Structures are given as C-alpha cells and as structure tokens.
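Position 88 (the sequence shown) corresponds to 278 in the numbering used here; numbering is contiguous.
C-beta atoms are modelled at their ideal positions from N, C-alpha and C, and glycine is treated no differently.
Treat the numbers as computed from the prediction; the structure is a model and nothing was measured.
Here's the structure, in structure tokens; my notes come after.
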Amino acid sequence: MKIRIHETDFEGNPVECTGEFFSGKTALDIVEQMKMNPFTGSLEPVVFMRRVLDVNGLRSCRLSEDEPENAAVEFLQRLTAAGFARYELEEHEFDTGHPQPAGLRVEKK
C-alpha cells in the first residue's frame, strides 16, 4: 500500500501534487512512518492520528480507539476523503492480466 500525504496551503487546504509518499504492508505501518519525527515519534498511534485529524479540521471524525489497526484504516480513509491524501498504485498492484476495456490503451514505457 502506498499513499501520498499532501502539504497544505496557508489556509490549511490540501495542495495536490505535493507531499511525501509513505508505503507499508498495513495502514498502521504507514501511520508509524508518518509519525517519525522528533515532535511526534513518541506518541501512541491513535493519539498521533487524532492530533492530525484535529489540526486538519476533521475533529468530528471517529476512530476505533481500542484497535490501532482499524483506527489507522479509518484515519487514512478520512484523509483521502477530505483530499489531504491520495492512494497511489504500485507496479505490482496494476492488474495487467485482464483485457483492457474497449477504447482504453495503456502504453508501456
């Protein structure tokens, strides 16, 4: 799984085509990578996720407080739904084994 967390402008709005990419096998792996800086590295994952949602105006979003893995999935879903993040396909996630719909042509580089 790969996700891009967008930077925000001065009004707190997400700016597309900006931000860092994070990858992991699970949503919780991604959250653990996101919180790796001197100011948030020691926070518990759910506390970190709640702080990020609060800062981005998503205070009313609920998280599974007692299940960090479920909370991480909900957290990333909230960020993507609000435009603060975008899932990115990795090469192995693109299904090339099935025929393409008529009119769709995918060129290989």
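Practice item. Write down every uninterrupted run of the alpha helix (DSSP H) in the stretch 253 to 285 whose length is 4 residues or greater and which is fully enclosed by it, in chain order. Key: 258 to 271
ask   = Within the present structure, is the beta-carbon of Val205 separated from the nearest heavy atom of the ligand ZN by less than 7 Å?
value = In the structure on display, the ligand ZN does not appear, and there are no ligands present to speak of.
Original post:
Three or more C-beta pairs closer than 8 Å, one from the stretch 261 to 268 and one from the stretch 228 to 240: is that the case here?
Top reply: yes
Residue of Phe229, Thr216, Gly214 and Thr270 minimising C-alpha distance to Leu320: The structure shown does not extend to residue 320, since the chain spans only 191 to 299, so no value can be given for it.
For the candidate residues Leu233, Asp244 and Glu206, whose alpha-carbon lies nearest to that of Gly273?
Glu206
_DSSP state of Pro228 mapped onto helix, strand, coil_ = coil
Exercise. DSSP beta-bridge partners for Ile195?
Worked result: Glu210 and Ala275
Between Thr216 and Gln223, what straight-line distance do the alpha-carbon atoms span, to the nearest angstrom? 11 Å
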